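Below is one structure, written out as structure tokens, with a few remarks after it.
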Amino acid sequence: MNIGKNGSPGAAKAFGRLLRFYRERAKVSQEALGHHTGYSKSQVAMIERGERRPRGNFVDLADEFLGAQGALVEVAEEVKASGVAAWFEDYLEEEARAAGVHKYENHLIPGLLQTEAYARAVFACANPPFDEDEVDIMVAARLARQQLFHRRPTALVSFVLDKAALTKPIGGAAVLKENLLHILDIGRLRNVQIQVMPEYPEVHAGLSGPFTLLETAKRQSQLVYVEGLSGRYFLSEQPELGDAFARYGVLRAQALNPQDSAQLIEQVACEL
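All letters in the sequence shown, in the order written, are residues 1 to 272 by this note's numbering.
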């Protein structure tokens, strides 16, 4: 999967490994590097693990301080061009080669279904705000992920979306309507199923929040990806793995079928 302009998943990890190599070669501690660049020891450690992007003048200061002769600056351009958060790179690697991707979402249209205008509006909501050039790269990266729908071998993809995710007017009514019509187009693909959870269900298996299920190549193993304010993580062991897949099955049973869901999405679009 190509991400952004010349960037790729794993760029933040590659930069982190290179940073650690030059730091250890120079016999500089994480604490000392942090003091020189205005970062804490823990922040330097997060960059070295690929969990945080270097920002501000960190790269230039670190490159000079560690005697990297421009190597860190060069690789940092790859990190910037990747267009995805450092912590999201592991997920993207799994998504790009998954045989099946199944997602429940309750508060906004998921990235795989977003139009360019809607994605741009989502990134505009970020606090603290992104720079405009960062937004351009991130939007391109998000749209590139949608190659998943058309790649070979074919991936099976399904979504269960709360109706609230389809009515929140992020970007305005016109932006939302365009995205709803786009969802209808994606839903017509033979390898995609989109279902909507009614607005006021009496029982709801997804009250614990959004999650994504991944079936790996040849469906030999499964993963669950969960993302929240306090952290992001994979589940790969039982019983949590089985519980999540069972929960998704219940959600699909509680949601409208794909045909009725398409009618509801079309109705919401027509009312905008």
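From the three backbone atoms N, C-alpha and C, an ideal C-beta is built for every residue, glycine too.
A quick note: this is a predicted structure, and the numbers were derived from the prediction, not measured.
Range covered by the alpha helix (DSSP H) that runs through residue i
{"i": "K177", "result": "173-187"}
{"i": "I194", "result": "First-last for I194: 192-197, but that is the beta strand (DSSP E), not the alpha helix (DSSP H)."}
{"i": "H36", "result": "30-37"}
{"i": "D60", "result": "58-66"}
{"i": "A262", "result": "258-270"}
{"i": "Q43", "result": "41-48"}
{"i": "Q254", "result": "240-254"}
{"i": "D133", "result": "132-144"}
{"i": "K13", "result": "11-25"}
{"i": "R120", "result": "116-124"}
Option nearest residue i by Cα separation, candidates the options
{"i": "V73", "options": "P54, F88, F159, E89", "result": "P54"}
{"i": "R247", "options": "C270, N257, T216, P210", "result": "P210"}
{"i": "F65", "options": "Q30, Q267, L176", "result": "Q30"}
{"i": "F149", "options": "G34, N127, K168, D185", "result": "D185"}
{"i": "T167", "options": "A269, D60, A26, T37", "result": "A269"}
{"i": "A155", "options": "R190, A173, D131", "result": "R190"}
{"i": "A144", "options": "Q114, V157, G171", "result": "Q114"}
{"i": "I47", "options": "Q69, R23, G67", "result": "R23"}
{"i": "K163", "options": "E116, E266, V28", "result": "E266"}
{"i": "S208", "options": "S236, L223, D243", "result": "D243"}
{"i": "L241", "options": "L180, L223, T37, A124", "result": "L223"}
{"i": "Q193", "options": "F234, L92, A124, L161", "result": "L161"}
{"i": "Q263", "options": "F130, E132, G111, P198", "result": "P198"}
{"i": "L92", "options": "C125, Q238, Q259, L213", "result": "L213"}
{"i": "G172", "options": "A124, S221, F245, F234", "result": "A124"}
{"i": "F21", "options": "E134, D63, N179", "result": "D63"}
{"i": "Y233", "options": "Y39, R97, D90, A45", "result": "D90"}
{"i": "E116", "options": "I170, V28, R52, F245", "result": "I170"}
{"i": "P153", "options": "E178, P110, G249, A96", "result": "A96"}
Beta-bridge pairing of residue i - partner residues as DSSP gives them
{"i": "L235", "result": "V224"}
{"i": "V157", "result": "V101, V192"}
{"i": "D162", "result": "M197"}
CB-CB length for residue i against residue j, believed under 8 Å
{"i": "E215", "j": "F159", "result": "At roughly 15 Å, the Cβ-Cβ gap does not stay under 8 Å, so E215 and F159 are not in contact."}
{"i": "Q43", "j": "G34", "result": "6 Å"}
{"i": "V75", "j": "A14", "result": "6 Å"}
{"i": "H102", "j": "A165", "result": "At roughly 16 Å, the Cβ-Cβ gap does not stay under 8 Å, so H102 and A165 are not in contact."}
{"i": "L279", "j": "L176", "result": "Nothing about residue 279 can be reported from this structure: the residues present for the chain run from 1 to 272 only."}
{"i": "E78", "j": "A11", "result": "4 Å"}
{"i": "G67", "j": "A26", "result": "6 Å"}
{"i": "S261", "j": "V157", "result": "Wrong, their Cβ atoms sit about 14 Å apart, outside the cutoff."}
{"i": "L112", "j": "Q146", "result": "6 Å"}
{"i": "L18", "j": "T37", "result": "So it is not a contact: roughly 15 Å between Cβ atoms."}
{"i": "R49", "j": "G100", "result": "That pair is no contact at about 29 Å."}
Where the beta strand (DSSP E) containing residue i begins and where it ends
{"i": "T212", "result": "211-215"}
Subject >> Stretch pair the stretch 247-258 + the stretch 200-208: three plus CB contacts closer than 8 Å >> reply: Result yes; three or more Cβ-Cβ pairs closer than 8 Å.
Original post:
Taking contact to mean at least 3 C-beta pairs separated by less than 8 Å, is the stretch 114-121 in contact with the stretch 130-148?
Top reply: The stretch 114-121 is in contact with the stretch 130-148.
Original post:
Using 8 Å as the Cβ pair cut-off and three pairs as the minimum, do the stretch 224-239 and the stretch 176-192 touch?
Top reply: No, they do not touch.
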